[in-house]
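Structure first, then comments.
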Amino acid sequence: MLSRLRDQCLMIGLCLVSMHASGQEWKVGTRWIYEQMDYFPDGIDEYYVLNAGKDTVINEDTFLIVREYILSDLKDHIDTAHLKNYLVKKDGDQVLLYNPAQGSLELLYDFGARQGDTLTIWNGDNFYDAHIQIVIESLDTIDFNGVPTGAQYIRTIAGDGAFSWEGRILRGYGHESFFFPVYGAVDPPPGGRFLCFENGMISFPGQSACDLVVRRDELMRPGIEIFPNPCTNEIRWSGEPVWQWSLYSSSGIELKHGEKSAYIPMTGIPPGVYFLYLTEADQRRSRAKIIKL
């Protein structure tokens, strides 16, 4: 009996480990979203987004084409001035970038590196090609989204001075603030708080995290509840009326708007996916993805 129980516990443990490991695979559809630090604060929320849209093969190696862009909270506007593509290959514990200028693979992450290890990292920038050396100062296991997750604390020890990388790397996800080494000549640097990760198998901080990306810790002010979702012919929420609201199509076209309302009619709106923006009297904004049946 004890032997059978031990075997069952072992199998459960192996399954949990397997689920956690497979949940961190990077594949087409994987997304990372960071809070964007504003160079010129203008009251508009912006997000730093990395999206693995498709893959490609170079020299018999398969790479994810990861697109980087800045997403504005204003009508889902994509800042085309910041569009970049990276060729990313996740090989076990290592994350490699393809350097087209050199025709070589360059290291970005080594989730298996140990305390005291030094790593040579490529910044991923084809325009400003640079390498830095970082040291793994310490290791830790943290509670990340309810799951014990390995963490590496890193520090830059050598480079050309323009780029650096500090802080904490989360095993299987990436850096918790800056996905790539940071260009230090700008203040503040791009990137920020790690808001969302999903790969089709896991997502944080919730099952719809990347569909409810907002800058603040609260997704919605208490009392505003725009669910159930999917909706049919109306959207209602309890509490005080919202100051302003706008409903947009997935292509960014405004379909409806109103003021001081706790009710949005969805009649006449065909089935599909939409984005709802709510602005409160204190100018705090929230966004949610709406599915109309």
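Sequential numbering from 7 applies to the sequence shown in my numbering.
Beta carbons: idealized from backbone N, C-alpha and C, even for Gly.
If you're wondering where the values come from, they're calculated on a predicted model, not measured in any experiment.
- Look at Gln121 here: in three-state DSSP terms it is coil, with no helix or strand label.
- Counting only runs of 3+ residues, the beta strand (DSSP E) found wholly inside the segment 144-188 occupies 153-164 and 173-176, in chain order.
- The C-beta separation of Ser170 from Ile138 comes to about 7 Å, placing the pair in contact by the 8 Å criterion.
- In the structure shown, the three-state DSSP call for Tyr134 is coil.
- Contact between Leu253 and Leu282 is confirmed by a C-beta separation of about 6 Å, below the 8 Å threshold.
- Judged by their CB atoms, Ile76 and Glu52 are nearer to each other than the 8 Å cut-off.
- For Trp249, the enclosing beta strand (DSSP E) starts and ends at Val248 to Ser255.
- Distance between Glu240 and Ser255, taken at the CA atoms: about 16 Å.
- The beta-carbon separation of Leu103 and Gly130, rounded to 5 Å, stays under the 8 Å limit for a contact.
- For Trp38, the enclosing beta strand (DSSP E) covers residues Arg37 to Glu41.
- From the listed residues Thr285, Glu286 and Tyr280, the smallest Cα separation to Lys295 is found for Tyr280.
- Note on Asn205: 16 or more other CB atoms within 10 angstroms of its CB, so buried under the neighbour-count rule.
- Note on geometry: alpha-carbon atoms of Pro154 and Met272 lie some 42 Å from one another.
- Beta-bridge partners assigned by DSSP to Lys266: none are found.
- A buried status is given to Phe186, since no fewer than 16 other beta-carbon atoms sit within 10 Å of its beta-carbon.
- Collapsing the DSSP output to three states places Gly278 in a strand.
- Excluding five sequence positions before and after Ile140, the CB atoms of its chain that fall closer than 8 Å to its own CB belong to Thr124, Leu125, Ile127, Ile160, Arg161, Thr162, Ile163 and Trp171, given in chain order.
- In the structure shown, the three-state DSSP call for Gln108 is coil.
- Taking the Cα of Lys33 as reference, the smallest distance to any Cα among Phe200, Lys96, Leu176 and Gly167 is reached at Lys96.
- Here the alpha carbon of Lys266 sits roughly 13 Å from the alpha carbon of Arg242.
- A direct Cα-Cα distance of roughly 28 Å separates Asp146 from Ala168.
- In this structure, Tyr40 lies near Leu201, with their beta-carbon atoms less than 8 Å apart.
- Counting other Cβ atoms within 10 Å of its Cβ, Phe69 reaches 16 or more and is therefore classed as buried.
- Out of Asp166, Glu286, Trp38 and Ile259, the CA that lies nearest to the CA of Tyr189 is found in Asp166.
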